[in-house]
Amino acid sequence: MGNAVSIFPIDVVVYPNQTIPLRIFEPRYRQMLDKCMSEDRTFAISTVNPDKKVGGWDGPNNIGTLVYVTKCEDLDLTGTNYYIEILGKERIEIIDLIKPQLDKPIIYNPPHNPSMQTMLSEAGGGKLYFQARINKLPEIEGQTSPSQWNTIVTKLKERIKDAAKRMGVSFDDFDGFIKHNELDIEGGSV
421 MGNAVSIFPI DVVVYPNQTI PLRIFEPRYR QMLDKCMSED RTFAISTVNP
471 DKKVGGWDGP NNIGTLVYVT KCEDLDLTGT NYYIEILGKE RIEIIDLIKP
521 QLDKPIIYNP PHNPSMQTML SEAGGGKLYF QARINKLPEI EGQTSPSQWN
571 TIVTKLKERI KDAAKRMGVS FDDFDGFIKH NELDIEGGSV
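For the sequence shown, the residue numbers in the numbering used here are 421 to 610.
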C-alpha cells in the first residue's frame with residue numbers, strides 16, 4: 421500500500437493546532453484506531469461527502485486534516501468504546517482513495533451489529549476503513565503570526581475598555597474579567 425493514510429470521514433472540521441474529542445465505537449474505526457496507536461498515532465479526518473458513496477459507505481471529501489491522537493481511553497474496558505482527543509496537524513488533499521475491504525452491511529448498527537470479529541473475519545484481514553494516498557497542503561497564505569495576534573488582541577482590549585468607559589462600565593482588570601467569564605484569548609474564544 422505504501423504510505424497510505426487512514427481516513428476517518430466524519431461531519432467535523434478539524435483545523436491545524438485545534439484539539440477536539442471524539443468517541444470511537446464503530447468496528448471499522450476501532451480497527452483504524454488500533455493501527456494508529458500501534459504506529460505513529462496519526463490519521464486524517466475529512467468531512468463526509470453525501471454524494472460520494474463507496475461500497476455503500478459515505479465517502480470523504482478530498483480536503484481534510486492530518487491529526488495526531490494525544491489521548492486514548494478505553495471507556496468501558498471492553499475495547500468497544502474509546503474516548504480520544506486529537507490535535508490537528510496539517511491540511512491534506514486526498515489523491516487516491518482506497519476503499520474498505522468490505523461493502524457496508526445491509527444491517528449496520530454499531531457497535532452491536534455486526535461485531536468487529538464478524539467484520540474482520542469477512543474482510544479476511546483487510547482494512548475495514550478508508551485509506552488514501554495524500555498530498556500535504558501548504559500553510560494558508562496570509563496566516564496571522566503570534567505577534568500579529570498579540571497586537572490585535574491588545575488593540576481589541578483597548579477598544580473594549582474605551583467602549584465600556586463610555587457606557588459607564590469600569591474595567592480595571594480586563595484580564596481578570598476575561599478569566600472570570602471563562603473566555604480564552606489564547607484558544608480563540610474571544
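Beta carbons: idealized from backbone N, C-alpha and C, even for Gly.
| Asked | Found |
| --- | --- |
| CB of T467 within 8 Å of CB of V433, strictly | yes |
| N-terminal and C-terminal residue of the alpha helix (DSSP H) that A424 is part of | Segment: none, A424 is in no alpha helix (DSSP H) and carries neither H nor E. |
| CB contact flag (P436, G484, <8 Å) | no |
| G547, DSSP secondary structure in three states | Here residue 547 is Lys; the residue named in the question, Gly, does not match the sequence. In this structure, K547 counts as coil in the three-state DSSP scheme. |
| Per-residue burial, K477 [other beta carbons within 10 Å of its own, 16 or more giving buried] | Note that residue 477 corresponds to Trp in the displayed sequence, not to Lys. By the 10 Å Cβ count, W477 comes out buried. |
| Coil, strand or helix - I368 by DSSP | Since the first and last residues shown for the chain are 421 and 610, residue 368 lies out of range. |
| Bounding residues of the alpha helix (DSSP H) (the contiguous stretch that carries D454) | 447 to 458 |
| Bounding residues of the beta strand (DSSP E) (the contiguous stretch that carries D481) | Per the sequence shown, residue 481 should be read as Asn rather than Asp. Run containing N481: 477 to 494, per the beta strand (DSSP E) assignment. |
| R553, DSSP secondary structure in three states | strand |
| S590 versus T571 - alpha carbon distance | 22 Å |
| Cβ of G588 within 8 Å of any chain B Cβ | Absent from the structure is chain B; it holds one protein chain and no more. |
| Local conformation of T439 per DSSP, three classes | strand |
| Assumed close pair E446, P530 - CB separation to whole angstroms, cut-off 8 Å | 4 Å |
| Length of the line joining the Cα atoms of A583 and L576 | 10 Å |
| Spatial distance of D494 from Q438 (CA atoms) | 23 Å |
| C-beta contact flag for A552 and I515 at 8 Å | yes |
| Coarse secondary structure for P566, derived from DSSP in three states | helix |
| Residues near T500 in its chain [Cβ-Cβ closer than 8 Å; skip 5 each side] | F445, R450, P531, M536 |
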